[in-house]
Each structure stands twice: as C-alpha cells, then as structure tokens.
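Heads up, the thing below is written out as structure tokens.
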Amino acid sequence: METNKILSSLCYFSVFFAPFLLPIIVYFVSKDAFVKTHAKRSLFSHFLPFITFVIFFVLSFLSFNSIETTYGWVIFAFVIVFIINFVVFIWNIIQGIKVLVH
1 METNKILSSL CYFSVFFAPF LLPIIVYFVS KDAFVKTHAK RSLFSHFLPF ITFVIFFVLS
61 FLSFNSIETT YGWVIFAFVI VFIINFVVFI WNIIQGIKVL VH
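Heads up: the sequence shown begins at 1 in full-length UniProt numbering, then just goes up one per residue.
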C-alpha cells in the first residue's frame, strides 16, 4: 500500500487514539496535496463533536432560568449532540476505509 493512503486513512482512524494531534501533525509535515486534503477533512470532522459539545454546554447554562423548560431542552439537545457525534464517528471510520480501498 502507498504511504500516502496509509497516512490519509490514519488521519481518519485517529478518532480512536489522537483525534486532533495526528491530523495536525500530518497536515504540517506532509508535502503531498492528497494527504493534506484528507488531514484537513479529518481534522474538521474531529472538531465537529467538540464544537457541538461546547454549544450544548453553553446553551444548557443559558437555559437554566426556567426549570420547567430546562429538562426538556437539555434532554433534546443531548440527544441531538449524541446523534451528531455518532454519525461523525461512523463517517470517520467509513472515510478511513474508503481511502485505503481506493
């Protein structure tokens, strides 16, 4: 297998062991445009769960002025964040496999 494909797929698979670190290192170290593109895409997909969690956390604290609406809002937001994070996690696995196969 080509080194470029392995590096690109490792950027996606790094969701298991080093979500932010590996894609950043690969992006700045690699000279190949193919690898840089996949490192950038995987880095964005690793940041997306973090961003959704921060938005959920901020909105949860902002909505604590009314206890009656807070529980429903927090549960709904938590479910949405969980679904988004799960989809992004699966997407990373699929993209890593696609890069290796093609």
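Ideal Cβ placement from N, Cα and C applies to all residues, glycine included. None of these values were measured; they are calculated from a predicted model.
Cβ neighbour criterion (16 or more within 10 Å) applied to residue i
| i | result |
| --- | --- |
| ALA39 | buried |
| LYS36 | buried |
| LEU59 | exposed |
Rounded straight-line distance, which links the Cα of residue j to that of residue i
| i | j | result |
| --- | --- | --- |
| ILE94 | HIS102 | 12 Å |
| PHE17 | ASN4 | 20 Å |
| ILE80 | ILE90 | 16 Å |
| ILE75 | ALA33 | 42 Å |
Own chain partners of residue i with C-beta closer than 7 Å, once the 5 adjacent residues on each side are dropped
| i | result |
| --- | --- |
| GLY96 | SER9, TYR12 and PHE13 |
When the options are compared against residue i, the one with the closest alpha-carbon
| i | options | result |
| --- | --- | --- |
| PHE82 | LEU48, PHE34, SER63 and ASN4 | LEU48 |
Contact set for residue i: own chain, Cβ-Cβ below 8 Å, skip 5 residues either direction
| i | result |
| --- | --- |
| LEU43 | CYS11, PHE20, PRO23, ILE24 and TYR27 |
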